[in-house]
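Trainee: Residue numbers (my numbering), protein chains in the order written: chain Y, 1 to 347; chain S, 1001 to 1347; chain F, 2001 to 2347.
(1) Alpha carbon to alpha carbon, what distance is there between residue 1129 of chain S and residue 1032 of chain S?
(2) List the DSSP bridge partners of residue 144 of chain Y.
(3) Compute the Euclidean distance between the alpha carbons of residue 1268 of chain S and residue 1256 of chain S, then round it to the nearest angstrom.
(4) Starting from residue 1943 of chain F, trace the beta strand (DSSP E) in both directions and tell me its first and last residue.
(5) Three-state secondary structure (DSSP) at residue 1230 of chain S?
(6) Under 7 angstroms Cβ-Cβ, which residues of chain S neighbour residue 2245 of chain F?
(7) Take residue 1044 of chain S as the anchor and find which of S:1078, S:1146, S:1159, S:1071 has the nearest alpha-carbon.
(8) Exposed or buried, residue 155 of chain Y, counting other C-beta atoms within 10 Å across all chains shown (16 or more means buried)?
(9) Could you have a look at residue 1044 of chain S and say whether DSSP puts it in helix, strand or coil?
(10) Cβ closer than 9 angstroms: which chain F residues qualify as neighbours of residue 305 of chain Y?
(11) From the beta carbon of residue 2178 of chain F, is the nearest beta carbon of chain Y less than 7 angstroms away?
(12) At least one CB of chain Y closer than 7 angstroms to the CB of residue 2275 of chain F: is that the case?
(13) Evaluate the contact criterion for the segment 282-290 of chain Y versus the segment 2279-2290 of chain F: three or more CB pairs, one atom per stretch, below 8 angstroms.
(14) Near residue 1258 of chain S, which residues of its chain fall below 7 angstroms by C-beta distance, leaving aside the five closest residues on each side in sequence?
(15) Kindly give me the distance between the Cβ atoms of residue 1991 of chain F and residue 1123 of chain S, rounded to whole angstroms, as I take these residues to be in contact under 8 angstroms.
(16) Which bits of chain F does residue 1264 of chain S rub up against, with CB to CB less than 8 angstroms?
(17) Quick one: list the residues of chain S neighbouring residue 76 of chain Y, beta-carbon separation under 7 angstroms, in chain order.
(18) Going by DSSP, what residues sit across from residue 1250 of chain S in a beta bridge?
(19) Please report whether the beta-carbon of residue 154 of chain Y lies at a distance below 7 angstroms from any beta-carbon of chain F.
(20) Which bits of chain Y does residue 2122 of chain F rub up against, with CB to CB less than 8 angstroms?
(21) Taking the beta strand (DSSP E) that residue 2153 of chain F belongs to, which residues open and close that run?
(22) Count the other C-beta atoms from every protein chain shown that fall within 10 angstroms of the C-beta of residue 2078 of chain F, then say buried if there are 16 or more, exposed otherwise.
(23) Roughly how many angstroms separate the alpha carbons of residue 1132 of chain S and residue 2162 of chain F, rounded to a whole number?
(24) Which bits of chain F does residue 1258 of chain S rub up against, with CB to CB less than 7 angstroms?
(25) For residue 2422 of chain F, return the contacting residues in chain Y, with the cut-off set at a CB-CB distance below 8 angstroms.
(26) Answer yes or no: does any C-beta atom of chain C fall closer than 7 angstroms to that of residue 2036 of chain F?
(27) Quick check on the DSSP output: what are the complete alpha helix (DSSP H) runs of length 4 or more inside the segment 258-295 of chain Y, in order along the chain?
(28) At least one CB of chain Y closer than 7 angstroms to the CB of residue 2182 of chain F: is that the case?
(29) Using the three-state DSSP reduction, which class does residue 109 of chain Y fall into: helix, strand or coil?
(30) For the segment 105-137 of chain Y, list every residue whose C-beta sits within 9 angstroms of some C-beta in chain F, in sequence order.
(31) For residue 1290 of chain S, which residues in chain Y fall below 9 angstroms Cβ to Cβ?
(32) Please identify the residue among F:2073, F:2313, F:2305, F:2059 whose C-alpha is closest to the C-alpha of residue 2188 of chain F.
(33) Along the chain, where does the beta strand (DSSP E) containing residue 2190 of chain F start, and where does it finish?
(34) Buried or exposed for residue 60 of chain Y, going by 16 or more other Cβ atoms inside 10 Å?
(35) Hey, is residue 2201 of chain F's beta-carbon within less than 7 angstroms of any beta-carbon in chain Y?
(36) Taking 7 angstroms as the threshold (beta carbon to beta carbon), is residue 297 of chain Y in contact with chain F?
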């Protein structure tokens, strides 16, 4: 019954998707502007290649975004912006049409992949949806423009919020017109937008929660450890995926429940937390000093839904001594394969 | 077993509901005061009619609150107050006794409907519960008094929080003594309490999430679009219903995760978000400028639980150009029937 | 399949648990420091006895922490600290080895109980986990050291967050290496860390949500009422347990969604709430003045997931008049057996 309902809904959506449905604007013609107000011209350019990876253990397809051909990963590359920056990203769809066709839940869905982003500013032509025709057919490419609009204040009054935050990007087309198949197959990554004065971390760890009970698409003990040296400024970016709700918990460290994890002033009474509910598409981040006050060690990081941690939704935040010694490895885990989880803030 | 347990629990509750259980106060007699301290006399009056509507597609009963006979809707009318205001609401129960009897999960539950509210101040006699005898039998009426207590500060120290916020009201009696049947059938609505200096929106959209995977009691493509003109100040009020957890996501716009969605000062580091976990009875709201920086367009608003959006928990925030042009309709949706979702702030 | 996976994961974890896996530090020898930096020596000492209680209605084992032999309770004693305090807690494991063996989900898990804490600072040797060998075998004892690190500011800039908050402690070893069996059986309690200038409450109520649909391990009408006198400063500490998500709702009172529930200044725009999503291991707290503006009465406190409140996840916050009268008892509940829910702030 649910499947029937789904088909009916999708059919209704797709009636309109054949004809052009791009947002129009009186000032820029029928196809609409291609960038948010404030972005005169993109100041940064990058290319993202969407590729098919080896299937998962259960044979399900895996897809990834990558910064170069053959470099796709899950999650995709972490993208950093600073408020005021305008980024043009050309997405190249290198996924075989047959793979995308097999992933469709409805044959009237168009074939393609897309790039939808949270938090920053874009016009409808860059929103990555089917109804705005903002997707990339197999073998083609399309340029999306994201504007990290800055906070604007007048006499200490905030007239525009800005876009600094811990966000994420993902497909919005594969499988269903919400990209459920694409996100589930691995088409997502983190976006960090900083204010110019924000402290830069020494390391950034991206921790996607779900689908299922995985970090990224892996579980303990396959999930790589997150390794840092004592005293380093470490940034965590947590992203909720799929259908489930989770709670992110880190041992030995806490943070403030706001944009940065840091407090603004002595009188700031933002809650301090070390455990946070994460629903689908929620994203947040924070910076800590590795081992501050608590020293080196193998600090658990896990979902605190007990059934989730018990079945593998955990890893270690392994803080190595800065005096030459190393924390003994726990449980025979090799620190390997985690480079896609670890993107230095100083490129 | 659950049903048996439920009956046992309800039976235990109802032992006490025959005898008067109204809170008493030494200063006001055995029946207790009828209004919160600070409300000398109600400054505003309104009447709410509770009525039976046409049943849902599956034949289940639907009930609604309305501001006039025959005007009941789901959700009910959005009520606005300003801190300091005291509101008397007379609730008229026009629902047939037979309908309420059929909705009872236990025959010892009293027949009636009620009005329970979040956020503002009321005495036990206005809390809408069975145990406080605060309900309205069929064919009768009862007056509830809500006080939007103001924030009180002394030398910049807050001694009373006030009650400004995005709240909601609902039945607490129909079906079970938590009003599960009443809320599920449609007996709920939004309450917005403003501080006197708060900016007033041009439009307010109420977005109830659930039960099931609906906005209000409708799904895409039946769910009406939320239509505004570019540059208008638009207010969203999101309310969680039923048993499920959801994530509210809006394309192209973001807001601060606080009382208003706006930032207080240049140094304010409240998190900016465009996706928020919403549990049952959670309510929040925010104001955005429609199309700010991103222009007109058909912006998706949806639950980001993938299985929910895929099965219809979505609609469009349709921002029309202010230069005379209109955004092309998407997917053949007619903009209609949404007036119950759209309550102008300037009546 | 899930059980098999669980066994595989646990087996992998436990490979490393035979050999010493304690974090090392160049400055303090191979066994690592036993306390967080800043704690020169513990300033407070207490002993916690872990004991087996009578089994639950379904025959499942129950365990509790207690401050004296024979005094174990569920939840365990509420522990209060002030920032700057360093606490040494000696845990005595008086649970029969056979009980712990029967609760193991995997025979290679070590037998023992532990004490893991949220929010405050501790070294790996005090983190209560299997991989850090931080547990207490049956018949033995072990001292854990918690440091309530203070907030440190330099010229109004916060250089260390401090640890003030509403936290909790729990077992991390019994049943699985996440303590799922221990927490489920009752091995948890609240930890309140105050800043020196925080107002002290007259009463503190600890409200654990779950497992299942219980407050603590009880349901309405067995769940005791939370009783206070009008005008008292009452503190609620809410803790999420198990696998489920809940929403904590209190009638007639609201609070600010920050560290204390109070607002910092007249311009503070933290959201006011009376309903909050609580995931597993989330913990928060707030202070209200009992009956402020609303008077004495029987105020419901319940999970607002409708199916949870309908099946017993509720009780009453019973505010007695301070003019000598008492609120009539509702529903025949006796106010009894709730002392473990009620820990005065002034010992």
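Glycine included, C-beta positions come from ideal geometry on N, C-alpha and C.
Mentor: This is what the structure holds:
(1) As a position in the second chain, residue 1032 of chain S is number 32, starting the count at 1. As a position in the second chain, residue 1129 of chain S is number 129, starting the count at 1. Distance between the alpha carbons of residue 1032 of chain S and residue 1129 of chain S is about 15 angstroms.
(2) Counted from its first residue, the first chain places residue 144 of chain Y at position 144. Paired residues: Y:89.
(3) For the purposes of this step, residue 1268 of chain S is identified with residue 268 of the second chain, where counting begins at 1. For the purposes of this step, residue 1256 of chain S is identified with residue 256 of the second chain, where counting begins at 1. Answer to the nearest angstrom: the Cα atoms are 10 angstroms apart.
(4) Within the shown structure, residues of chain F are numbered from 2001 to 2347, placing residue 1943 of chain F beyond reach of any answer.
(5) The residue given as residue 1230 of chain S occupies position 230 in the second chain. In the three-state scheme derived from DSSP, where H, G and I count as helix and E and B as strand, residue 1230 of chain S is classed as coil.
(6) Along the third chain, one-based indexing puts residue 2245 of chain F at 245. The contacting residues are 1245, 1279.
(7) The sequence position of residue 1044 of chain S within the second chain is 44, counting from 1. Of the candidates S:1078, S:1146, S:1159, S:1071, the one whose C-alpha sits nearest the C-alpha of residue 1044 of chain S is S:1146.
(8) In the first chain, the residue the question calls residue 155 of chain Y occupies position 155. By the neighbour-count rule (16 or more Cβ atoms within 10 Å), residue 155 of chain Y is not buried but exposed.
(9) As a first step, residue 1044 of chain S is located in the second chain; it is residue number 44 there, counting from the start. In the structure shown, the three-state DSSP call for residue 1044 of chain S is strand.
(10) Working through the first chain from its first residue, we reach residue 305 of chain Y at position 305. Near residue 305 of chain Y (Cβ distances below 9 angstroms), the residues of chain F are 2242, 2243, 2244, 2245, 2279, 2280, 2281.
(11) In the third chain, counting from the first residue as 1, residue 2178 of chain F sits at position 178. Residue contact with chain Y for residue 2178 of chain F: present (Cβ-Cβ distance below 7 angstroms to some residue of chain Y).
(12) On the third chain, residue 2275 of chain F is found 275 positions in, with the first residue counted as 1. Among the CB atoms of chain Y, none fall inside 7 angstroms of the CB of residue 2275 of chain F.
(13) Short answer: they don't touch.
(14) Along the second chain, read from residue 1 onward, the residue named residue 1258 of chain S stands at position 258. Excluding sequence neighbours, residue 1258 of chain S sits near 1270.
(15) The requested residue 1991 of chain F is not part of the displayed model; chain F covers only 2001 to 2347.
(16) The sequence position of residue 1264 of chain S within the second chain is 264, counting from 1. 2267, 2268, 2269, listed in chain order.
(17) For the purposes of this step, residue 76 of chain Y is taken as residue 76 along the first chain, with counting starting at 1. What residue 76 of chain Y touches in chain S: nothing, since even the nearest Cβ is about 18 angstroms away.
(18) Translated into positions along the second chain, residue 1250 of chain S becomes position 250. According to the DSSP secondary-structure assignment, residue 1250 of chain S is paired through a beta bridge with S:1301.
(19) In the first chain, counting from the first residue as 1, residue 154 of chain Y sits at position 154. Output row for residue 154 of chain Y: interface = no.
(20) Sequence index remark: in the third chain, residue 2122 of chain F carries index 122 (1-based). Those within 8 angstroms of residue 2122 of chain F in chain Y are 252, 294.
(21) Taking the first residue of the third chain as position 1, residue 2153 of chain F is located at position 153. Here the beta strand (DSSP E) through residue 2153 of chain F covers 2152-2154.
(22) Counting from 1 along the third chain, the entry for residue 2078 of chain F is found at position 78. Residue 2078 of chain F counts as buried, since at least 16 other C-beta atoms from the protein chains shown sit within 10 angstroms of its C-beta.
(23) Counted from its first residue, the second chain places residue 1132 of chain S at position 132. Counted from its first residue, the third chain places residue 2162 of chain F at position 162. For the pair residue 1132 of chain S and residue 2162 of chain F, the Cα-to-Cα distance works out to about 43 angstroms.
(24) The residue you call residue 1258 of chain S lines up with position 258 of the second chain. Chain-ordered, the chain F residues with CB closer than 7 angstroms to the CB of residue 1258 of chain S read 2269, 2270, 2271.
(25) No information on residue 2422 of chain F is available, as it lies outside the stretch 2001 to 2347 that chain F covers here.
(26) In the displayed structure, chain C is absent; the protein chains listed are Y, S and F.
(27) Counting whole runs of 4 or more residues, the segment 258-295 of chain Y contains no alpha helix (DSSP H) stretch at all.
(28) Walking along the third chain from the start, residue 2182 of chain F turns up at place 182. Using a CB distance cut-off of 7 angstroms, residue 2182 of chain F does not count as an interface residue toward chain Y.
(29) Here residue 109 of chain Y refers to the residue found at position 109 of the first chain. Three-state DSSP puts residue 109 of chain Y in coil, outside helix and strand.
(30) For the segment 105-137 of chain Y, which is checked against every Cβ of chain F, not one residue is closer than 9 angstroms.
(31) Within the second chain, numbered from 1, the residue matching residue 1290 of chain S stands at position 290. The contacting residues do not exist; residue 1290 of chain S stays about 13 angstroms from chain Y at best.
(32) Mapped onto the third chain, residue 2188 of chain F falls at position 188. Of F:2073, F:2313, F:2305, F:2059, the residue nearest in Cα terms is F:2073.
(33) As a working note, residue 2190 of chain F is residue 190 in the third chain. Here the beta strand (DSSP E) through residue 2190 of chain F covers 2188-2194.
(34) Position 60 of the first chain, counted from the first residue, corresponds to residue 60 of chain Y. The residue in question, residue 60 of chain Y, is exposed, as its Cβ has fewer than 16 Cβ neighbours within 10 Å.
(35) Reading the third chain from its first residue, position 201 is the one you call residue 2201 of chain F. Chain Y contact via Cβ: absent.
(36) Taking the first chain and counting its residues from 1, one reaches residue 297 of chain Y at position 297. A Cβ of chain F is located within less than 7 angstroms of the beta carbon of residue 297 of chain Y.
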